[in-house]
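Chemist: Handing you this structure, nothing more for now.
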Amino acid sequence: MVWTEQSRKCPLCAQPIREHLIHHLRARYDYQKHYLALPQPAAPPCRDRAWGRHARMTAEERQVADALEREIAKPKWVYEHRLFAKHVASNPYTRYRPAPVPAAFTTNPVLVAGATALLRRELLTKAVDVRSKAAVRLLAEFLDVDGREVAEHFAQEVYAYLRSPCRDLSVYDSIVQYDTLKNIPPPAVLYQSRRWRPAPSPSRFRSLSLSRSRSRERGLDARPKELRGRDLDSLLSK
1 MVWTEQSRKC PLCAQPIREH LIHHLRARYD YQKHYLALPQ PAAPPCRDRA WGRHARMTAE
61 ERQVADALER EIAKPKWVYE HRLFAKHVAS NPYTRYRPAP VPAAFTTNPV LVAGATALLR
121 RELLTKAVDV RSKAAVRLLA EFLDVDGREV AEHFAQEVYA YLRSPCRDLS VYDSIVQYDT
181 LKNIPPPAVL YQSRRWRPAP SPSRFRSLSL SRSRSRERGL DARPKELRGR DLDSLLSK
């Protein structure tokens, strides 16, 4: 009977043990029956449990999770491929400013708000406790605790954003350009359904970049389609 607590198969013949055991045999019809407890259902696989939790997520929770994944997709791509934002001259036409000095943060609340928004996204403090082990591992990947390369990259990203006239990160992401190599595809696009759209081929991406550059040279509006026809000043003032 002790064996049945571990397995419901006979250790000698490997046949399944049914609902009872016969023991204390004294004669052909003189014995005792021991009825076994019903076996406990096996725990669902981890994948099923994870799916169950996902199914229990509310629509609002799924929307927040999807938005977070979409928001950090491009920064992950930038750091993964060591891409640096292209320099934009500071002048009234571009509305870019010189890189702020440290003292400017004490007198300009707009700079503080912009830096805070970017740092929150880059470090994911909205979703992750920065003191947790998971956050430490994440920061190590972003800031490269064993060297200065990624830390300097991070600082460059912060100052590139602060120099821009944008206050909405999504608007900044739509206009910032990076020096990319020919073999680096653009970042994948995550829709709300969490299905990733395959990235365009590098050749198509290069042709799109070239056409946009030519459009800028001709003075045409080369902003993404969803931003065309909207007041640029209203976008940059966000």
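Numbering of the sequence shown is given in full-length UniProt numbering, commencing with residue 1 and proceeding in unit increments. Even for Gly, the Cβ is constructed at its ideal location relative to N, Cα and C. Quantities reported herein were computed from a predicted structural model and do not represent experimental measurements.
Look at A99 and R167 and say whether their C-beta atoms are less than 8 Å apart.
Modeler: No, Cβ-Cβ distance for A99 and R167 is not below 8 Å.
Chemist: How about the region 80-99 and the region 179-189: do they share at least three Cβ pairs that are nearer than 8 Å?
Modeler: Yes, since at least three Cβ pairs between the region 80-99 and the region 179-189 fall closer than 8 Å, the two stretches touch.
Chemist: Pick out whichever of W77, A104 and S170 has its Cα sitting closest to the Cα of I184.
Modeler: Minimum Cα distance to I184 is reached at W77.
Chemist: Would a C-beta distance cut-off of 8 Å place R121 and L169 closer than the cut-off?
Modeler: Yes.
Chemist: Taking the alpha-carbon of Y93 as reference, which of P16, Q63, P165 and K9 has the nearest alpha-carbon?
Modeler: That would be P165, whose Cα lies nearest to the Cα of Y93.
Chemist: Please report how far the alpha carbon of P16 lies from the alpha carbon of I72, in whole angstroms.
Modeler: Taking the straight line from one Cα to the other gives about 53 Å.
Chemist: Measuring straight from C-alpha to C-alpha, what distance separates T116 and A89?
Modeler: Their backbone Cα atoms lie some 24 Å apart in a straight line.
Chemist: How is P16 classed by DSSP in three states: helix, strand or coil?
Modeler: If DSSP states are grouped into helix, strand and coil, P16 belongs with the strands.
Chemist: Per the DSSP calculation, I175 is bridged to which residue(s)?
Modeler: I175 is not bridged to any residue.
Chemist: Could you please give the first and the last residue of the uninterrupted alpha helix (DSSP H) stretch that includes A104?
Modeler: Note, A104: alpha helix (DSSP H), A104 to T107.
Chemist: Taking 8 Å as the CB-CB limit, is I175 close to chain B?
Modeler: Checking the listed chains, one finds no chain B in this structure; it contains a single protein chain.
Chemist: Should residue 256 go down as buried or exposed, given a rule of 16 or more other Cβ atoms within 10 Å for buried?
Modeler: Residue 256 is absent from the structure shown; the chain starts at 1 and stops at 238.
Chemist: Evaluate V171 with the Cβ neighbour count: other Cβ atoms within 10 Å of its Cβ, from every protein chain shown; 16 or more gives buried, anything less gives exposed.
Modeler: By the neighbour-count rule (16 or more Cβ atoms within 10 Å), V171 is buried.
Chemist: For K74, count the other beta carbons within 10 Å of its own beta carbon; 16 or more makes it buried, fewer makes it exposed. Which is it?
Modeler: So K74 counts as buried.
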